[in-house]
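J.:
2 protein chains.
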Amino acid sequence: MSEKVTIYDIAEKLNITAATVSRALNNNPKIKEATRELVIKTAAAMNYKQNKLALALKSGRSNNIGVIVPRIDSNFFASVIRGIEEELYPHGYQVIICQTHESIKRENENLHTLVDAQVDGIMMSVTGISDENDSAFRNVLEKNVPLIFFDRSKHIDGVSSVTINDFKGGYLATKHLIDEGCRNIAHFSGDQSLDIFKNRFLGYKQALLDNGLPFNEEYVIFTKSSVEAGKDAVDKLLQLETPPDAIFSSSDFAALGAIQELKERNISIPSEFCVAGFSNEPFTKFMELSITSVDQSPLEMGRMSARVFLEQVDKTDTIKIEKKVVLAPELHIRKSSTRTNF
Amino acid sequence: MSEKVTIYDIAEKLNITAATVSRALNNNPKIKEATRELVIKTAAAMNYKQNKLALALKSGRSNNIGVIVPRIDSNFFASVIRGIEEELYPHGYQVIICQTHESIKRENENLHTLVDAQVDGIMMSVTGISDENDSAFRNVLEKNVPLIFFDRSKHIDGVSSVTINDFKGGYLATKHLIDEGCRNIAHFSGDQSLDIFKNRFLGYKQALLDNGLPFNEEYVIFTKSSVEAGKDAVDKLLQLETPPDAIFSSSDFAALGAIQELKERNISIPSEFCVAGFSNEPFTKFMELSITSVDQSPLEMGRMSARVFLEQVDKTDTIKIEKKVVLAPELHIRKSSTRTNF
DNA sequence: AGGTTTTATGTAATCGATTACACGAAAGTA
DNA sequence: TACTTTCGTGTAATCGATTACATAAAACCT
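Residue numbers (UniProt numbering), protein chains in the order written: chain G, 1 to 342; chain Z, 1 to 342.
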C-alpha cells in the first residue's frame, strides 16, 4: 500500500501548519531558512509528491494542453505532435491527444471534452467546415482557452494559426513540372472547403498562367487522399481527348496511386509523364522511383504552434492576440519528375 | 467573459443547496422527480459544465491515462496509440502522450510526471533496460496505478503485457526464406536486452535448426533500426568468405537499407538474394519491389492494451492481476522474397 | 391521535494545496 | 523604556464537487 503523503502529514510530523509547509516548498521568501530546509528535507524523506489535481483545482490551470487531429497514424500529424510535445515538455505541460477520424461530430465532442477537462490550451487541425459548428470553437474562446489551428485552418476571430504557404507549395511544384518540359499538367485537389486544398490549387493555376500555359478545367480532379483514389483519377484523365503529361497531386498517396496506374499502362515515368506530390511522406523518398513532393516541415509546425501557445497562455484575458504564422514550403525534387540532369 | 457556472450558482438560483443540485445531476434516487427535472433544466439553461478537476480531486481519479513510447512519429507506435485511443474514448478516458526518445532518463521522468499527474493508468513500450531503473516502475505500482507494457516488455511482478509472439514471427519469416530456396540466411537483430529482438533471433535460429541448416554466428549482425545501418550491415556480410543469400531483418528500415545496398551492387532481388523485414511499415507495401514483412497488428495491440487496463482499473487493490496477452504475428509475403510462383 | 417509516433536503466535512489576513515575537528607533 | 517595523508563522477561506449524517415533513398504520 502507498499512503499518499500530503503537506498535512509533513506539517504534523514537524509540529507546524500546512501553510508553512506549502510556503517552504514554494520558496516563499517569508519563510525562515532553517524551516525551509527542514521542510524540504522531511518532504523528501517522506517521499512527498505534490498533488497536481489539488493544485489544478486551486489555480484553475491543469497544465495539460489538448491536441486534436483527424488521425494520429499519419506521418504528418504524428510529426506535428512530436514537435508540440518536444517544445512543451520543458515547460511542464502534458499533451492530450484526440482524434476526429474526419468526423465533425467527433470534433465538437473533442472540443467540449477538452474544455471540460480544463486544458490550458487547444491546438488542432480542423477536420472539416460546417457553418454551424462555429459554436464549439466559440465556446472554447469564451472560456478563455487559447486556441491555435495548425495546417488546416479556419477563419475565426481570436484564433491564431500556424500553416504553410500552400499557394507557394502548389506554385513551386507546378513550376518545377513546367521547367521539366511538361505542358499539360493535371492537378489532384481535395475538399475545397479546406483552405489548404484551395490554396494549392490556386498556386497551381497561377504557375500555369505565369508561364503562358492554359488552365484546363478538365485537368483538375477532386479526389480523396488514398492510393485507390489516385488510380481512379488517372483512369479518368487518360480518357480525355488530350491526356495530360504530368500531375501535381495535393496528396502523396494519390500521387503514388497515379504512379502505380501509369506503370500498369506502361507509361514511363519521368520520360513520358511526371508526377509530384504533397506532404513528403516517408515513403516518397524510399521508393526506387522516388516521388517529388512538397515538404510541410511538420516538426517545425508543431514547435511553432507550441510557441504561439506559450506566448498567449500568460497574457491575461485583456487583449485577444491573433497571430498568423506562415511557414515556407520546400520542394523535394526526386526521380518521378527529373528528366533533365542525371 | 465567461463566468464559470458551478453547482452553487444553480443552487442559489433555485433556493436549494449545492448538495441537492449535485444529487439531482447524478441521478441520485433520493431526489424528487420534479426537483431533478428543474435542476437539470436550469443547469442546461445556465450552460453549466461539471468541473472535472474538482471531481478528480474528490474521487482521486483523473480520467486520464498515460502512454509512453520511444517516439510517436513511427507508424507502429502511432497505430498502437490510435488503437488505445479508440478503445478508451467510449469510456471517457483521455490519452496523455509522452516520448522517451530512447532515453532511460526521460523514461523515468515521464513515469514520475504521469504518476504526479494522477493518471489512472500507464501503458508503455519500454525504452531500454537498466538494472537500476526498476525503481521508477515500482513507484508506479506502489501508487496502485495499473501499468501495462506493450510490444517492448520487461519482467516485473504485477505488470501486465500485450506483445506479439516474436519468436514465431522470426520463425515464420525465416522458414519462408528457406522455402524459397535460400540456404545462407543472415539476420539483423537489435538491442539484446530487449525481449523482442532476442525472441526474433531465437525464432530465426530455431527455424534454421528445424530445417537442417547450420547456425552461423557470423551471419548475425546487431544493428540499429535505420536505412544507413542496413547498408553498413550488408557491406559487412558481403565481405564474408561465404556471403549469405538472404536476410531476415528485425527492422523494416534496415531491410530497406539492405535492399538499396544490394541493388547498388547489382545483386538482383529476389532471384539472387531474398529479404524479409519486421513491422510491416507502410512503405514496405508501397515499394515497387515490395518488401516481405512480419505484421505486428499495432491497432489490435493498442486496443488489447486498453482492454487489459479497463479490466484492471476497477478491481480494488486487493489482488494484483498480471495478464500476459500474446498476439499472433502475420507474415506478409511480397516481392522481395518471392521466387516461386508469379 | 400517536407512533413509525419513508422521503427529500439541508449541514458540514472532505479531497490537497494556496494565500489573504491576523498576530505574537523579535528587532530597530528615538 | 515605549513605540514602530519587520519577520515568521498560524488561522481560516477558497477552488468545485461529493456524500455521510442529521433532520424536517409527509405518509402510513393501528
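Here a beta-carbon is modelled for each residue, glycine too, at the ideal position from N, C-alpha and C.
Just so it is clear, the structure is predicted and the values come from calculations on it, not from any experiment.
(1) So K263(G) is in the alpha helix (DSSP H); what residue range does that whole segment cover?
(2) Reducing DSSP to helix, strand and coil, say where T127(Z) ends up.
(3) Between the beta-carbon of G257(G) and the beta-carbon of S226(G), is there less than 8 Å?
(4) Determine the closest residue to K236(Z) out of H187(Z), T284(Z), R200(Z), with distance taken between C-alpha atoms.
(5) If the cut is a Cβ gap below 9 Å, which residues of chain Z does E49(G) touch?
(6) Kindly indicate which three-state DSSP category S153(G) falls into: helix, strand or coil?
(7) So, with DSSP's three-state summary, where would you put K4(G)?
(8) Report the residue from C274(Z), D151(Z), D245(Z) whose alpha carbon sits nearest the alpha carbon of D295(Z).
(9) Does H101(G) come out as helix, strand or coil in the three-state DSSP assignment?
(10) What in chain Z is Cβ-close to V95(G), meaning under 9 Å?
(11) Counting only beta-carbon atoms, is N75(Z) nearer than 8 Å to chain G?
(12) Any Cβ of chain Z within less than 8 Å of the Cβ of L57(G)?
(13) Using 8 Å as the limit for Cβ to Cβ distance, is L147(G) near chain Z?
(14) Would F309(Z) and G121(Z) qualify as a contact pair, given that the criterion is a beta-carbon distance under 8 Å?
(15) Counting Cβ pairs, one atom from each stretch, are 3 or more of them under 8 Å apart for the segment 35-55 of chain G and the segment 269-286 of chain G?
(16) For residue 354(Z) and chain G, any beta-carbon pair shorter than 8 Å?
(17) Within the same chain, show all residues whose beta-carbon is closer than 8 Å to that of T20(Z), passing over the 5 residues directly before and after it, in chain order.
(18) Check whether chain G comes within 8 Å of K30(Z), counting only Cβ atoms and requiring the distance to be less than that.
(19) Looking at the secondary structure, which residues open and close the beta strand (DSSP E) in which E330(G) lies?
(20) Within the continuous beta strand (DSSP E) that includes N199(G), where are the two ends?
(21) Quick one: what's N64(G) bridged to in DSSP?
(22) By the DSSP assignment, the alpha helix (DSSP H) with S59(Z) in it spans what residues?
(23) Does any heavy atom of the ligand ATP sit closer than 7 Å to the C-beta of A44(G)?
(24) If you draw a straight line from the C-alpha of V159(G) to the C-alpha of D116(G), how long is it?
(25) Considering D191(G), what are the terminal residues of the beta strand (DSSP E) in which it resides?
(26) I'd like to know if M301(Z) contacts chain G, where contact means its C-beta is closer than 8 Å to some C-beta of that chain.
(27) Would you call the CB atoms of S79(G) and L299(G) closer than 8 Å?
(28) Quick one: what's got a C-beta closer than 7 Å to P244(Z)'s C-beta in the same chain, skipping five residues either side?
(29) Can you list the beta strand (DSSP E) stretches of 3 or more residues lying completely in the segment 263-321 of chain G, in chain order?
(30) Look at G302(G) and I84(G) and say whether their C-beta atoms are less than 8 Å apart.
(31) Is the separation between the beta-carbon of A43(Z) and that of L25(Z) shorter than 8 Å?
(32) Which term fits N75(G), buried or exposed, when burial requires 16 or more other beta carbons within 10 angstroms of its beta carbon?
(33) For V325(Z) and Y93(Z), I'd like the C-alpha separation in whole angstroms.
(34) Can you look up T113(Z) in the DSSP assignment and give me helix, strand or coil?
(35) From Q206(Z), F201(Z), F222(Z), T338(Z), pick the residue whose C-alpha is nearest to that of I269(Z); which is it?
(36) Would you say S290(G) and K335(G) are within 8 Å of each other, going by their C-beta atoms?
T.: If we stick to the structure as given:
(1) From DSSP, the alpha helix (DSSP H) with K263(G) extends over 252-264.
(2) Coil at T127(Z), not helix or strand.
(3) With a cutoff of 8 Å on beta-carbon distance, G257(G) and S226(G) are scored as near each other.
(4) Selected option, being the one with the closest Cα: H187(Z).
(5) A quick correction: the sequence has Lys, not Glu, at residue 49(G). Simply H112, V115, D116, K143.
(6) Coil, per DSSP.
(7) In the structure shown, K4(G) falls within a coil segment according to DSSP collapsed to helix, strand and coil.
(8) Considering only alpha carbons, the answer is D151(Z).
(9) DSSP, read as helix, strand or coil, puts H101(G) in coil.
(10) Correct list: I96, I97, C98.
(11) N75(Z) counts as touching chain G.
(12) True, the Cβ-Cβ gap to chain Z drops below 8 Å.
(13) With 8 Å as the cut-off, L147(G) does not count as an interface residue toward chain Z.
(14) Closer than 8 Å, so yes.
(15) Flag = no, the segment 35-55 of chain G and the segment 269-286 of chain G do not touch.
(16) Here chain Z covers residues 1 to 342 and nothing more, so residue 354(Z) does not appear.
(17) Spatial neighbours of T20(Z) in its own chain (CB-CB distance under 8 Å, excluding positions within 5 residues in sequence) are listed in chain order as A11, I31, T35, V39.
(18) Not closer than 8 Å to any Cβ of chain G, the Cβ of K30(Z) fails to qualify, so no.
(19) Looking at the DSSP string, the run of the beta strand (DSSP E) that includes E330(G) is 330-332.
(20) Element bounds for N199(G): not the beta strand (DSSP E) but the alpha helix (DSSP H), 195-210.
(21) Paired residue(s): Q94(G).
(22) According to the DSSP assignment, S59(Z) belongs to the alpha helix (DSSP H) that extends over 52-59.
(23) Of ligands this structure carries none, so the ligand ATP is not represented either.
(24) Straight-line measurement puts the Cα of D116(G) at about 19 Å from the Cα of V159(G).
(25) For D191(G), no beta strand (DSSP E) run applies, since DSSP gives it neither H nor E.
(26) No, its Cβ sits nowhere closer than 8 Å to a Cβ of chain G.
(27) Contact: yes.
(28) The answer, listed in chain order, is N184, I185, A186, Y219, L237.
(29) Counting only runs of 3+ residues, the beta strand (DSSP E) found wholly inside the segment 263-321 of chain G occupies 274-279, 292-295, in chain order.
(30) It is a contact, given that the beta carbons lie within the stated cut-off.
(31) Contact annotation: A43(Z) and L25(Z) have beta-carbon atoms nearer than 8 Å.
(32) Buried: at least 16 other Cβ atoms inside 10 Å.
(33) Looking at the two C-alpha atoms, the distance is approximately 22 Å.
(34) T113(Z) falls in the helix class under three-state DSSP.
(35) Cα-wise, what sits closest to I269(Z) is T338(Z).
(36) Less than 8 Å separates the beta-carbon of S290(G) from that of K335(G).
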